[in-house]
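Chemist:
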Amino acid sequence: DPNEADTWAALSDIAVLAGRVEEGLEHIGKAFRLNPFPASWYYLTLGQAQYAARDYQAAIETLRRDETYRTSSRRFLAASMAQLGRLDEARAEAELFLVGNPHFTTHHWATTEPFRDAATLEHFVDGFRKAGLPE
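Heads up, the sequence shown is in the numbering used here, so the first residue is -10 and it goes up one at a time.
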(Lines of atoms letter the chains of each structure in order from A and count residues from 1; the text may use other names and numbers.)
(Lines give C-alpha, C1' and ligand atoms only; values in the text may rest on other atoms or scores of the structure.)
Protein backbone atom coordinates (compact mmCIF):
# COMPACT_ATOMS: atom_id res chain seq x y z
CA ASP A 1 0.00 0.00 0.00
CA PRO A 2 1.70 3.24 -1.09
CA ASN A 3 0.01 5.10 1.76
CA GLU A 4 1.26 2.79 4.52
CA ALA A 5 3.60 4.99 6.56
CA ASP A 6 5.17 2.15 8.57
CA THR A 7 6.22 0.45 5.35
CA TRP A 8 7.96 3.60 4.13
CA ALA A 9 9.74 3.91 7.48
CA ALA A 10 10.89 0.29 7.29
CA LEU A 11 12.04 0.79 3.70
CA SER A 12 14.11 3.72 4.92
CA ASP A 13 16.02 1.45 7.27
CA ILE A 14 16.53 -1.12 4.51
CA ALA A 15 17.82 1.54 2.10
CA VAL A 16 20.32 2.87 4.66
CA LEU A 17 21.57 -0.65 5.40
CA ALA A 18 22.13 -1.06 1.66
CA GLY A 19 24.10 2.19 1.48
CA ARG A 20 21.35 4.08 -0.34
CA VAL A 21 21.23 6.84 2.22
CA GLU A 22 19.49 9.55 0.18
CA GLU A 23 16.77 7.06 -0.72
CA GLY A 24 16.46 6.20 2.96
CA LEU A 25 16.00 9.87 3.84
CA GLU A 26 13.30 10.20 1.17
CA HIS A 27 11.45 7.15 2.50
CA ILE A 28 11.44 8.26 6.13
CA GLY A 29 10.35 11.74 5.05
CA LYS A 30 7.41 10.19 3.24
CA ALA A 31 6.57 8.11 6.32
CA PHE A 32 6.42 11.25 8.47
CA ARG A 33 4.20 12.98 5.91
CA LEU A 34 1.79 10.04 5.86
CA ASN A 35 1.63 9.56 9.63
CA PRO A 36 0.82 12.67 11.68
CA PHE A 37 1.40 10.72 14.92
CA PRO A 38 4.52 8.66 14.26
CA ALA A 39 5.82 6.04 16.65
CA SER A 40 9.11 6.67 18.44
CA TRP A 41 10.97 4.30 16.14
CA TYR A 42 10.37 6.67 13.23
CA TYR A 43 12.66 9.16 14.97
CA LEU A 44 15.28 6.48 15.53
CA THR A 45 15.09 5.57 11.85
CA LEU A 46 15.37 9.23 10.84
CA GLY A 47 18.31 9.80 13.17
CA GLN A 48 20.15 6.77 11.78
CA ALA A 49 19.57 7.99 8.22
CA GLN A 50 20.79 11.48 9.13
CA TYR A 51 23.89 9.98 10.74
CA ALA A 52 24.52 7.85 7.65
CA ALA A 53 24.18 11.02 5.54
CA ARG A 54 26.80 12.64 7.80
CA ASP A 55 24.30 15.27 8.89
CA TYR A 56 25.34 14.83 12.50
CA GLN A 57 23.75 17.98 13.88
CA ALA A 58 20.37 17.02 12.42
CA ALA A 59 20.80 13.51 13.85
CA ILE A 60 21.51 14.97 17.29
CA GLU A 61 18.41 17.15 17.13
CA THR A 62 16.26 14.20 16.04
CA LEU A 63 17.67 11.72 18.54
CA ARG A 64 17.27 14.14 21.45
CA ARG A 65 13.53 14.41 20.88
CA ASP A 66 11.43 13.13 23.76
CA GLU A 67 9.91 10.49 21.48
CA THR A 68 13.19 8.60 21.16
CA TYR A 69 15.79 10.02 23.55
CA ARG A 70 15.53 7.48 26.35
CA THR A 71 15.78 4.46 24.06
CA SER A 72 18.55 2.52 22.40
CA SER A 73 18.91 5.47 20.03
CA ARG A 74 21.48 6.87 22.44
CA ARG A 75 24.20 4.85 20.71
CA PHE A 76 23.51 6.76 17.48
CA LEU A 77 23.32 10.04 19.40
CA ALA A 78 26.70 9.29 20.97
CA ALA A 79 28.18 8.46 17.56
CA SER A 80 26.82 11.69 16.07
CA MET A 81 28.33 13.75 18.88
CA ALA A 82 31.64 11.95 18.53
CA GLN A 83 31.78 12.66 14.80
CA LEU A 84 31.41 16.37 15.60
CA GLY A 85 34.27 16.17 18.12
CA ARG A 86 31.96 16.56 21.11
CA LEU A 87 33.67 13.68 22.86
CA ASP A 88 32.70 14.44 26.46
CA GLU A 89 29.01 14.56 25.52
CA ALA A 90 29.39 11.49 23.32
CA ARG A 91 30.96 9.47 26.11
CA ALA A 92 28.27 10.57 28.56
CA GLU A 93 25.56 9.39 26.15
CA ALA A 94 27.45 6.14 25.56
CA GLU A 95 27.55 5.53 29.31
CA LEU A 96 23.81 6.17 29.61
CA PHE A 97 23.18 3.79 26.72
CA LEU A 98 25.28 1.10 28.41
CA VAL A 99 23.27 1.35 31.63
CA GLY A 100 20.30 -0.09 29.77
CA ASN A 101 22.39 -2.25 27.43
CA PRO A 102 25.30 -3.53 29.55
CA HIS A 103 26.23 -6.35 27.16
CA PHE A 104 26.42 -4.20 24.03
CA THR A 105 29.56 -4.50 21.95
CA THR A 106 30.29 -2.81 18.68
CA HIS A 107 31.53 -6.10 17.22
CA HIS A 108 28.33 -7.96 18.01
CA TRP A 109 26.20 -5.12 16.66
CA ALA A 110 28.27 -4.92 13.46
CA THR A 111 28.09 -8.65 12.83
CA THR A 112 24.36 -8.97 13.47
CA GLU A 113 23.00 -5.92 11.66
CA PRO A 114 22.07 -6.77 8.06
CA PHE A 115 24.27 -4.17 6.35
CA ARG A 116 24.80 -4.68 2.63
CA ASP A 117 27.19 -1.75 2.28
CA ALA A 118 30.56 -2.07 4.01
CA ALA A 119 31.30 1.67 3.91
CA THR A 120 28.05 2.53 5.69
CA LEU A 121 28.69 -0.14 8.31
CA GLU A 122 32.23 1.13 8.88
CA HIS A 123 30.91 4.68 9.28
CA PHE A 124 28.62 3.55 12.12
CA VAL A 125 31.40 1.49 13.72
CA ASP A 126 33.75 4.48 13.53
CA GLY A 127 31.25 6.66 15.38
CA PHE A 128 30.67 4.02 18.06
CA ARG A 129 34.42 3.68 18.62
CA LYS A 130 34.94 7.43 18.83
CA ALA A 131 32.09 7.63 21.35
CA GLY A 132 33.81 5.06 23.54
CA LEU A 133 31.36 2.19 23.13
CA PRO A 134 32.97 -1.18 23.85
CA GLU A 135 34.56 -3.15 21.05
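Note that CB positions come from ideal geometry on N, CA and C, so glycine has one too.
1) Taking the alpha carbon of Y45 as the reference point, which residue from L73, T57, R53, L35 has its own alpha carbon closest?
2) Can you tell me whether F86 is helix, strand or coil according to DSSP?
3) Going along the chain, which residues of its own chain have a beta-carbon closer than 8 Å to the beta-carbon of V10, five neighbours each way excluded?
4) Roughly how many angstroms separate the alpha carbons of A83 and L33, rounded to a whole number?
5) Could you have a look at E56 and say whether DSSP puts it in helix, strand or coil?
6) Do A28 and G36 have their C-beta atoms closer together than 8 Å?
7) How long is the line joining the alpha carbons of G121 and L87, rounded to whole angstroms?
8) Using the rule of at least 16 other Cβ atoms within 10 Å of the residue's Cβ for burial, across every protein chain shown, is R64 buried or exposed?
Modeler: Quick answer:
1) L73
2) helix
3) A4, A38, A41, A42, T109
4) 16 Å
5) coil
6) no
7) 11 Å
8) buried
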